[in-house]
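K.L.:
Same order as they appear, the protein sequences are chains A and B.
Start counting the first sequence at 1; every next residue gets the next number (our numbering).
Start counting the second sequence at 153; every next residue gets the next number (our numbering).
Below is the structure I would like to discuss, written out as structure tokens.
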Amino acid sequence: MNIFSLIFQNLRRGPVSFRLPHKHECTSEQYRGLIVNDPERCVGCGLCAYVCPTAAIVVKRSGDNYSWTYDAGKCTFCGRCLERCKPHTLSMESQLPPLYSTQGDLICELDMVRKRPVRPAAAPAAVTADKPAAAPEAIPAAPAAVSTEPVV
Amino acid sequence: MNITGLIHFFVFPGLLFAIPAGWFYVWGERKAVARMQRRIGPPLLQPFYDFVKLLGKRTPSRHGIEADLLRLWPAISVLSMIGAIAMLPVFPDGRGFSGDAVLLVALLELPSICFILAGFTSGSIYGEIGAIREAVLSVANNLVFLLAIVTIAVTEKTFRLTDMAGGSWNPGHWIGVFGILLCIPAKLRLNPFSSSSAEQEIYSGPLTEYAGAALAMWELAHGLEWVALTGFVTVLVMPDGGPWWSRAVFFVVVSFAQVLLLSTVAAATARFTLQRAIRFYWQWAAILAVLILSSAIYMRYRG
Numbered sequence: 001m002n003i004f005s006l007i008f009q010n011l012r013r014g015p016v017s018f019r020l021p022h023k024h025e026c027t028s029e030q031y032r033g034l035i036v037n038d039p040e041r042c043v044g045c046g047l048c049a050y051v052c053p054t055a056a057i058v059v060k061r062s063g064d065n066y067s068w069t070y071d072a073g074k075c076t077f078c079g080r081c082l083e084r085c086k087p088h089t090l091s092m093e094s095q096l097p098p099l100y101s102t103q104g105d106l107i108c109e110l111d112m113v114r115k116r117p118v119r120p121a122a123a124p125a126a127v128t129a130d131k132p133a134a135a136p137e138a139i140p141a142a143p144a145a146v147s148t149e150p151v152v
Numbered sequence: 153m154n155i156t157g158l159i160h161f162f163v164f165p166g167l168l169f170a171i172p173a174g175w176f177y178v179w180g181e182r183k184a185v186a187r188m189q190r191r192i193g194p195p196l197l198q199p200f201y202d203f204v205k206l207l208g209k210r211t212p213s214r215h216g217i218e219a220d221l222l223r224l225w226p227a228i229s230v231l232s233m234i235g236a237i238a239m240l241p242v243f244p245d246g247r248g249f250s251g252d253a254v255l256l257v258a259l260l261e262l263p264s265i266c267f268i269l270a271g272f273t274s275g276s277i278y279g280e281i282g283a284i285r286e287a288v289l290s291v292a293n294n295l296v297f298l299l300a301i302v303t304i305a306v307t308e309k310t311f312r313l314t315d316m317a318g319g320s321w322n323p324g325h326w327i328g329v330f331g332i333l334l335c336i337p338a339k340l341r342l343n344p345f346s347s348s349s350a351e352q353e354i355y356s357g358p359l360t361e362y363a364g365a366a367l368a369m370w371e372l373a374h375g376l377e378w379v380a381l382t383g384f385v386t387v388l389v390m391p392d393g394g395p396w397w398s399r400a401v402f403f404v405v406v407s408f409a410q411v412l413l414l415s416t417v418a419a420a421t422a423r424f425t426l427q428r429a430i431r432f433y434w435q436w437a438a439i440l441a442v443l444i445l446s447s448a449i450y451m452r453y454r455g
């Protein structure tokens, strides 16, 4: 009758599970939570949308404006968008995503004005001849799959 | 049907009581098993939420006689269980008729038959396997179940429920009650006799193809089965006399105590194979039942 003593012990010790939504905070800083975009620094290159395997991030452009949409319901939290984001404007929350009851509740949409890439000032001809200016790293060229606009 | 009969059917222990009580017993079983496994378990209203949620689901459309039959089986189960519960003589008001115990047994058996038919109607291989298992289990446990009821009937010298009910000092009566209690896990498809509705093996067997409102009806029928079967045992052990409210409280408390007892058995045991379940009922329980029936008949003719 070991099973009954085990059941009795389980009843005495109490449950180890907890009811959602629970108050426990995620303590790991490396936890992959929701994607957060910093609109001040985002240049709208669209690389995040390009590499997203589940199309959770969508970037749509119209002229100088663009919208950055993130659907947490589709996100697999793989972190590929963070790896490719050159300006490092994307980050992941270290907290558990909130519970939601309606599909699309966690969709985040940001409407932003596209920032023109800033090229370094034209170097003197003599200097250019000896040492060519380095290509700007901060603003990568947008992939053809995302945008057909030429990068200035 | 007089006004008392209507109250029994619609109020207590019928519809108005039985449906919430069924959800409460289902919750009690799930909660007790969860606590025994160190889980927190569902909240009190979870069976009600499940029922409402299932009612609102859109289901794949089926056509023809098959669709109608798949809706008919759970409806028959619910109605038969409400009828069986309404027949339980909780209050000694002289209702019933000679031989109504036979009708009660038939009503208690209908959900099992509908479960089998649903499995074959569904056209699913898992449904058919579950239906076959349920049919075999039903034959196995009903031998003991019927013998136990006959034992009580012979001991009390009647097949009238009102006369069979009530506490008796006759050992045959209590052995019969024990025999009925032994069959309840198989009738409710609880561990260790849950092979016909095994979730992991055959995707709940006959319920594989069910969804939405029809599945909600099956869940409701299952809750009502809890009320009917535990209530049947309760009225067989309920002492005679006493005010109506004390009998009602006794009915609920003893029924819920059985829920906890059966939950403990379910949590403590693994699922029997079909052969082992049959062996349990036929080899041991049937021998026991035959012995008690023989002794009951002997006692009757002796005294």
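Note that beta-carbon positions come from the ideal geometry of N, C-alpha and C, so glycine has one too.
1) Mind checking which residues open and close the beta strand (DSSP E) that includes A:Val36?
2) So the alpha helix (DSSP H) A:Glu108 belongs to, where does it begin and stop?
3) Give me, in chain order, the residues of the same chain whose beta-carbon lies closer than 7 Å to that of B:Ala438; leave out the 5 immediate sequence neighbours on both sides.
4) Drop a sphere of 10 angstroms on the beta-carbon of B:Ala283, count the other beta-carbons inside from all chains shown, and report buried for 16 or more, exposed for fewer.
5) According to DSSP, which residues form a beta bridge with B:Trp321?
6) Which residues mark the beginning and the end of the beta strand (DSSP E) in which A:Lys60 is found?
7) Using the beta-carbon count (16 or more within 10 Å), is A:Ile3 buried or exposed?
8) Going by other Cβ atoms of all chains shown within 10 Å of its Cβ, with 16 needed for buried, is A:Ser101 buried or exposed?
9) Using the beta-carbon of each residue, which ones in chain A are nearer than 7 Å to B:Gln189?
10) Under the rule that 16 or more other beta-carbon atoms within 10 Å means buried, what is B:Thr273, buried or exposed?
11) Mapping the DSSP letters down to three states, classify A:Tyr70 as helix, strand or coil.
12) Can you pull out the residues from the region 415-429 of chain B whose beta carbon lies closer than 9 Å to at least one beta carbon of chain A?
13) What are the boundary residues of the beta strand (DSSP E) that A:Ser91 is part of?
14) Taking C-beta to C-beta, are B:Ala373 and B:Ser264 nearer than 8 Å?
15) Per DSSP, what kind of secondary structure is A:Asn65 in: helix, strand or coil?
16) Got a sec: is the Cβ-Cβ distance from B:Ile192 to anything in chain A below 8 Å?
17) Please report how far the alpha carbon of A:Leu96 lies from the alpha carbon of A:Gly33, in whole angstroms.
18) Where does A:Gly79 land, buried or exposed, given buried means 16+ other C-beta within 10 angstroms?
19) Taking B:Val287 as the reference, give the member of B:Leu440, B:Val442, B:Tyr453, B:Leu426 with the closest Cα.
20) Please state if the CB of A:Met112 and the CB of A:Gly44 are separated by a distance shorter than 8 Å.
21) Please tell me whether, using a cut-off of 7 Å, the distance from the CB of B:Leu412 to the nearest non-hydrogen atom of the ligand GDP is below it.
22) Check for me: the alpha helix (DSSP H) holding B:Met188 runs from which residue to which?
23) Please name the residue, chosen from A:Cys52, A:Arg13, A:Pro39, that lies closest to B:Gln189 on a Cα-to-Cα basis.
24) Go ahead and label B:Ile444 buried or exposed: buried means 16 or more other beta carbons lie within 10 angstroms of its beta carbon, across all protein chains shown.
25) When the distance is taken between beta carbons, is B:Gly275 closer than 8 Å to B:Thr303?
26) So the candidates are B:Met390, B:Ala380, B:Val401; which of them puts its Cα closest to the Cα of B:Val178?
27) Can you tell me the Cα-Cα spacing of B:Ala219 and B:Trp175, whole angstroms?
P.N.:
Straight from the coordinates:
1) Along the first sequence, one-based indexing puts residue 36 of chain A at 36. Unbroken beta strand (DSSP E) run through A:Val36: 35-37.
2) As a first step, residue 108 of chain A must be located in the first sequence, where it is residue number 108. Per the sequence presented here, residue 108 of chain A reads as Cys, with Glu not at that position. It is not in any alpha helix (DSSP H) - A:Cys108 instead sits in the beta strand (DSSP E) that spans 108-113.
3) Along the second sequence, read from residue 1 onward, the residue named residue 438 of chain B stands at position 286. Excluding residues within five positions, the ones whose Cβ falls inside 7 Å are Leu295, Val296.
4) Position 131 of the second sequence, counted from the start, is the residue given in the question as residue 283 of chain B. The residue in question, B:Ala283, is buried, as its Cβ has 16 or more Cβ neighbours within 10 Å.
5) Within the second sequence, residue 321 of chain B is the residue found at index 169, counting from 1. BP columns for B:Trp321 are empty, so no partner.
6) Here residue 60 of chain A is taken as the residue at index 60 of the first sequence, counted from 1. Taken as a continuous stretch (DSSP letters only), the beta strand (DSSP E) holding A:Lys60 covers 57-62.
7) By 1-based counting over the first sequence, the position of residue 3 of chain A is 3. A:Ile3 should be labelled exposed.
8) The residue labelled residue 101 of chain A in the question sits at position 101 within the first sequence. Under this definition A:Ser101 is an exposed residue.
9) Along the second sequence, read from residue 1 onward, the residue named residue 189 of chain B stands at position 37. Asn10, listed in chain order.
10) Position 121 of the second sequence, counted from the first residue, corresponds to residue 273 of chain B. So B:Thr273 ends up on the buried side.
11) Within the first sequence, the letter at position 70 stands for residue 70 of chain A. Correct three-state label for A:Tyr70: strand.
12) Thr416, Ala419, Ala420, Thr421
13) Reading the first sequence from its first residue, position 91 is the one you call residue 91 of chain A. Here the beta strand (DSSP E) through A:Ser91 covers 90-92.
14) If you number the second sequence from 1, residue 373 of chain B lands on position 221. If you number the second sequence from 1, residue 264 of chain B lands on position 112. No, the Cβ-Cβ distance between B:Ala373 and B:Ser264 is not below 8 Å.
15) In the first sequence, residue 65 of chain A corresponds to position 65, counting from 1. Three-state result, A:Asn65: strand.
16) As a first step, residue 192 of chain B must be located in the second sequence, where it is residue number 40. True, the Cβ-Cβ gap to chain A drops below 8 Å.
17) Numbered from 1 along the first sequence, position 96 holds the residue referred to as residue 96 of chain A. Numbered from 1 along the first sequence, position 33 holds the residue referred to as residue 33 of chain A. If I take the Cα positions, the gap works out to 6 Å.
18) Here residue 79 of chain A refers to the residue found at position 79 of the first sequence. The residue is exposed, with fewer than 16 neighbouring Cβ atoms inside 10 Å.
19) For the purposes of this step, residue 287 of chain B is taken as the residue at position 135 of the second sequence. At residue 287 of chain B the sequence reads Ala, which differs from the Val that was named. With distances taken between Cα atoms, B:Ala287 lies closest to B:Leu426.
20) Counting from 1 along the first sequence, the entry for residue 44 of chain A is found at position 44. Counting from 1 along the first sequence, the entry for residue 112 of chain A is found at position 112. A contact, by the Cβ cut-off of 8 Å.
21) What this structure holds is no ligand at all, so the ligand GDP is not there to describe.
22) As a position in the second sequence, residue 188 of chain B is number 36, starting the count at 1. Its alpha helix (DSSP H) spans residues 167-188.
23) Sequence index remark: in the second sequence, residue 189 of chain B carries index 37 (1-based). Taking only the C-alpha atoms, the option nearest B:Gln189 is A:Arg13.
24) Sequence index remark: in the second sequence, residue 444 of chain B carries index 292 (1-based). By the 10 Å Cβ count, B:Ile444 comes out buried.
25) As a position in the second sequence, residue 303 of chain B is number 151, starting the count at 1. As a position in the second sequence, residue 275 of chain B is number 123, starting the count at 1. Not a contact, by the Cβ cut-off of 8 Å.
26) Numbered from 1 along the second sequence, position 26 holds the residue referred to as residue 178 of chain B. Cα-wise, what sits closest to B:Val178 is B:Ala380.
27) As a first step, residue 219 of chain B must be located in the second sequence, where it is residue number 67. As a first step, residue 175 of chain B must be located in the second sequence, where it is residue number 23. The alpha-carbon atoms of B:Ala219 and B:Trp175 are separated by roughly 27 Å.
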